[in-house]
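Peer 1: If you read the sequences in order, they're chains A and B. Going by our numbering, the first residue of the first sequence is number 9, and it counts up by one from there. Going by our numbering, the first residue of the second sequence is number 9, and it counts up by one from there. Even glycine gets a Cβ: it sits at the ideal position worked out from N, Cα and C. Values in this document were obtained by computation on a predicted structure and should not be read as measured data.
2 protein chains.
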Amino acid sequence: MISCSCDQCEIKSIFFDTISSKSLDFYCAARKELLVEKGTRFIKQGDQIKEFKYLKSGLVKLHKTDSHNREQIISFGNPMDFVNIHNIFGNDVYDYSITALEPSTICSFDIKIIKDLVQTNGAFALKLINTISLSANRIISDSLKIRNHSLYGKVAAVLLFFADHIYVSSEYELPISRKEIAQYTGLSIETVIRSISEFRRDGLIKVFGKRIEIIDKEGLELIYENS
Amino acid sequence: MISCSCDQCEIKSIFFDTISSKSLDFYCAARKELLVEKGTRFIKQGDQIKEFKYLKSGLVKLHKTDSHNREQIISFGNPMDFVNIHNIFGNDVYDYSITALEPSTICSFDIKIIKDLVQTNGAFALKLINTISLSANRIISDSLKIRNHSLYGKVAAVLLFFADHIYVSSEYELPISRKEIAQYTGLSIETVIRSISEFRRDGLIKVFGKRIEIIDKEGLELIYENS
DNA sequence: TCTCAAACATGACAAATGTCACAAAACATC
DNA sequence: GATGTTTTGTGACATTTGTCATGTTTGAGA
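(1) Under the assumption that B/Lys153 contacts B/Glu181 (Cβ atoms under 8 angstroms), give the Cβ distance between them as a whole number of angstroms.
(2) So, are the CB atoms of B/Ile256 and B/Glu221 less than 8 angstroms apart?
(3) Once you ignore the five residues that flank A/Leu60 on each side, which residues in its own chain have a CB closer than 7 angstroms to its CB?
(4) Under three-state DSSP, which class holds A/Phe97?
(5) Roughly how many angstroms lie between the CA atoms of A/Val163 and A/Tyr232, to the nearest whole one?
(6) On the DSSP bridge assignment, give the partners of B/His71 in chain order.
(7) Pull up the distance between the alpha-carbon of A/Val126 and that of A/Leu142, whole angstroms please.
(8) So with CB distances below 8 angstroms, who are the chain B contacts of A/Ser75?
(9) Give the residues of chain A in contact with B/Arg186, contact being defined as C-beta atoms less than 8 angstroms apart.
(10) For A/Lys52, which residues from the same chain have a beta carbon less than 6 angstroms from its beta carbon, with the 5 sequence-adjacent residues on both sides left out?
(11) Does the pairing of the region 180-200 of chain B with the region 191-208 of chain A give three or more beta-carbon distances under 8 angstroms?
(12) So A/Ala263 and A/Asp33 are supposed to be a Cβ contact under 8 angstroms. How far apart are they, rounded?
(13) Short of 6 angstroms in beta carbon distance, which residues of its chain neighbour B/Glu41, apart from the five on each side in sequence? Order them along the chain.
(14) Do A/Ile57 and A/Lys69 have their CB atoms nearer than 8 angstroms?
(15) In this structure, does DSSP put A/Gln53 in helix, strand or coil?
(16) Report, in whole angstroms, the separation of the C-beta atoms of A/Ser83 and A/Asp150, which I expect to be a contact under 8 angstroms.
(17) Mind reading off the beta-carbon distance from A/Ile140 to A/Leu67? Whole number of angstroms is fine, and I expect it under 8 angstroms.
(18) Would you call the CB atoms of A/Leu246 and A/Lys46 closer than 8 angstroms?
(19) Please state if the CB of B/Thr48 and the CB of B/Lys107 are separated by a distance shorter than 8 angstroms.
(20) Identify the continuous alpha helix (DSSP H) that holds B/Glu233 and give its terminal residues.
(21) Tell me the rounded alpha-carbon separation between B/Leu230 and A/Arg202.
(22) Could you tell me which uninterrupted alpha helix (DSSP H) segments, each at least 4 residues in length, are contained entirely in the region 144-175 of chain A, listed from first to last along the chain?
(23) For chain B, check one thing: does any of its Cβ atoms lie closer than 8 angstroms to the Cβ of A/Asn86?
(24) Against chain A, which members of the region 218-232 of chain B pass a CB distance test of less than 9 angstroms?
(25) I'd like to know if A/Gly194 contacts chain B, where contact means its C-beta is closer than 8 angstroms to some C-beta of that chain.
(26) Can you check whether the C-beta of A/Arg240 is within less than 8 angstroms of a C-beta belonging to chain B?
(27) By the three-class DSSP mapping on this structure, what secondary structure does B/Asp118 have?
(28) Mind listing which residues of the region 152-164 of chain A have their C-beta closer than 7 angstroms to chain B's C-betas, in chain order?
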């Protein structure tokens with residue numbers, strides 16, 4: 009049967025449905041797997057795009073440096089929705105970096121293999137387009153949430169994002185610093201810290217360093233809605 | 009030869025490269041063309057997605073209503089980069105509306121035809137993925153520009169966007185109202201108006217109602233960079 | 001032409017957010 | 001442990017941005 013170790017890998021759902029088990033062996037052999045530790049920037053803005061990369065496990069941030077050397081965070085990606093797809097087919101050079109926020113496993117294929125697959129396997133192509141669309145949709149919609157809310161709404165959105173989409177728990181270890189929340193929302197660090205302190209004082213959340221516990225989720229959602 | 013009237017249509021560049029002239033006739037016959045006037049909302053948030061639509065000419069805005077019935081503008085699309093692709097493959101219902109800002113020509117195909125094409129014509133699939141990626145990239149990158157700049161930077165970004173990407177001229181008729189700039193940037197209307205007035209007073213632009221003339225483009229770009 | 005509604009504009013003031021200064025806590029490195 | 005660096009936290013104050021009020025201009029339609 010399949011000797012591939014990526015049994016649990018998300019990308020499997022793209023391959024399995026559309027590729028015969030025999031061919032699957034070939035693709036599994038062509039696959040490289042890389043375990044990176046927290047803080048590793050494994051894709052760098054400006055690098056040539058030679059591989060198709062997929063997040064098997066972990067959590068990452070997509071970020072870029074603007075013309076004034078300010079760091080901006082574009083989005084976060086977890087195994088369910090991250091592939092470096094937004095760049096890979098459009099450009100030949102990455103216009104953002106990707107850095108692990110937690111220990112992560114990256115699978116990669118030579119991009120030629122994937123392009124061949126798209127051209128020769130219609131079902132795969134359709135599935136890939138679906139994945140790209142959903143991923144792009146999510147980034148655009150998250151971005152809009154940040155753009156059109158003010159301070160408390162923005163910070164609430166970030167806390168709720170990790171609770172609802174990443175950890176699926178009202179209690180979690182915040183994988184990013186206050187500074188990174190600022191870089192994501194476009195706010196100043198102090199304002200972010202103050203907002204979190206205020207949520208704490210108002211009994212909406214409990215904070216122990218990076219550990220966040222959402223006490224009054226409805227209240228936090230209400231704040232998100234109204235500011 | 010080809011009796012199709014869409015000789016000048018942008019989508020042609022997707023089809024022509026990848027479809028034999030004989031098949032092209034079939035696709036041209038299956039195509040519907042719709043001319044909509046300014047202000048027409050031809051795609052509605054919540055509607056079922058049954059067709060693949062493409063902007064042949066004109067200018068549109070992508071927008072949605074949030075839970076408080078506030079109108080938010082996501083992005084603008086012109087013939088070079090607009091297809092309703094971000095939704096069409098991921099979801100079965102539109103999660104945003106599209107409205108014409110100028111008289112526009114919309115081409116549409118039954119979505120089944122396009123999905124068939126993706127599955128049976130590899131070159132087409134690859135080209136479509138490219139188009140989707142580039143379009144999503146642009147929206148994400150524009151959104152980031154708005155997110156991480158303050159007042160003057162945001163407004164300058166909008167004015168420069170129309171000058172550089174839509175009209176390719178430093179003098180143009182602004183296709184949106186001040187209110188719509190506010191909905192796009194997340195600012196209040198008054199603040200937008202004030203900012204434009206200030207640009208005018210500082211000699212960066214001339215304003216005659218909706219007509220904008222950028223006098224000092226470098227100055228405006230500098231403001232964009234620094235705020 | 002007249003009328004009404006929407007868009008544009010500006011002032012005065014309130015509220016939100018950023019900046020600067022400083023300190024405590026957390027964390028890495030020796 | 002000792003030391004230095006980064007992160008978190010808070011106050012005071014300046015600046016930015018929003019809100020409300022009010023008036024003018026523009027544009028569509030009777």
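Peer 2: Inspection of the coordinates gives the following:
(1) Counting from 1 along the second sequence, the entry for residue 153 of chain B is found at position 145. Counting from 1 along the second sequence, the entry for residue 181 of chain B is found at position 173. About 23 angstroms separates the two Cβ atoms, so there is no contact after all.
(2) With chain B covering only 9 through 235, there is no way to say anything about residue 256 of chain B.
(3) Translated into the one-based positions of the first sequence, residue 60 of chain A becomes position 52. The displayed chain sequence assigns Phe, not Leu, to residue 60 of chain A. So the list reads Ile96, Ser116, Phe117, Ile119 and Ile122, once near-sequence residues are dropped.
(4) By 1-based counting over the first sequence, the position of residue 97 of chain A is 89. Three-state DSSP puts A/Phe97 in coil, outside helix and strand.
(5) For the purposes of this step, residue 163 of chain A is taken as residue 155 along the first sequence, with counting starting at 1. For the purposes of this step, residue 232 of chain A is taken as residue 224 along the first sequence, with counting starting at 1. Taking the straight line from one Cα to the other gives about 8 angstroms.
(6) For the purposes of this step, residue 71 of chain B is taken as the residue at position 63 of the second sequence. BP columns for B/His71 point to B/Ile81 and B/Ser105.
(7) Residue 126 of chain A sits at position 118 when you count from the first residue of the first sequence. Residue 142 of chain A sits at position 134 when you count from the first residue of the first sequence. Each residue's alpha carbon lies about 18 angstroms from the other.
(8) Against the first sequence, residue 75 of chain A aligns to sequence position 67. Result: Glu233.
(9) The count along the second sequence starts at 1 and reaches residue 186 of chain B at position 178. The premise fails here: B/Arg186 is roughly 17 angstroms from chain A at the closest Cβ pair, so nothing lies under 8 angstroms.
(10) For the purposes of this step, residue 52 of chain A is taken as the residue at position 44 of the first sequence. Contacts found: Ser105.
(11) Note that the region 180-200 of chain B does not touch the region 191-208 of chain A; fewer than 3 beta-carbon pairs, one per stretch, sit closer than 8 angstroms.
(12) Any property of residue 263 of chain A remains undetermined from this structure, which presents chain A solely from 9 to 235.
(13) The residue labelled residue 41 of chain B in the question sits at position 33 within the second sequence. If we look at B/Glu41 and ignore the five residues flanking it on each side, its Cβ neighbours are Cys115.
(14) By one-based count along the first sequence, residue 57 of chain A stands at place 49. By one-based count along the first sequence, residue 69 of chain A stands at place 61. No, the Cβ-Cβ distance between A/Ile57 and A/Lys69 is not below 8 angstroms.
(15) Indexing the first sequence from 1 puts residue 53 of chain A at position 45. Coil at A/Gln53, not helix or strand.
(16) Numbered from its first residue, the first sequence carries residue 83 of chain A at position 75. Numbered from its first residue, the first sequence carries residue 150 of chain A at position 142. Right, the Cβ-Cβ distance comes to about 6 angstroms (below 8 angstroms), so this counts as a contact.
(17) Taking the first sequence and counting its residues from 1, one reaches residue 140 of chain A at position 132. Taking the first sequence and counting its residues from 1, one reaches residue 67 of chain A at position 59. 20 angstroms between Cβ atoms; not a contact.
(18) Beyond the ends of chain A as shown, which are 9 and 235, falls residue 246 of chain A; an answer cannot be given.
(19) Here the question's residue 107 of chain B lines up with position 99 in the second sequence. Here the question's residue 48 of chain B lines up with position 40 in the second sequence. A small correction: the amino acid at residue 107 of chain B is Thr; Lys does not occupy that position in the sequence shown. Against a cut-off of 8 angstroms, the Cβ pair of B/Thr48 and B/Thr107 comes out as a contact.
(20) Indexing the second sequence from 1 puts residue 233 of chain B at position 225. Lys225 to Asn234 is the extent of the alpha helix (DSSP H) around B/Glu233.
(21) Taking the first residue of the second sequence as position 1, residue 230 of chain B is located at position 222. Taking the first residue of the first sequence as position 1, residue 202 of chain A is located at position 194. The straight-line gap from Cα to Cα measures roughly 31 angstroms.
(22) 159-169
(23) Walking along the first sequence from the start, residue 86 of chain A turns up at place 78. Cβ-Cβ to chain B under 8 angstroms: no for A/Asn86.
(24) none
(25) The residue given as residue 194 of chain A occupies position 186 in the first sequence. Yes - at least one Cβ of chain B is within 8 angstroms of the one on A/Gly194.
(26) Given that chain A is displayed from residue 9 to residue 235, the structure contains no residue 240 of chain A and the question cannot be resolved.
(27) To locate residue 118 of chain B, count along the second sequence from 1; it is residue 110. Here B/Asp118 sits in strand by DSSP.
(28) Leu152, Ile154, Arg155 and Asn156
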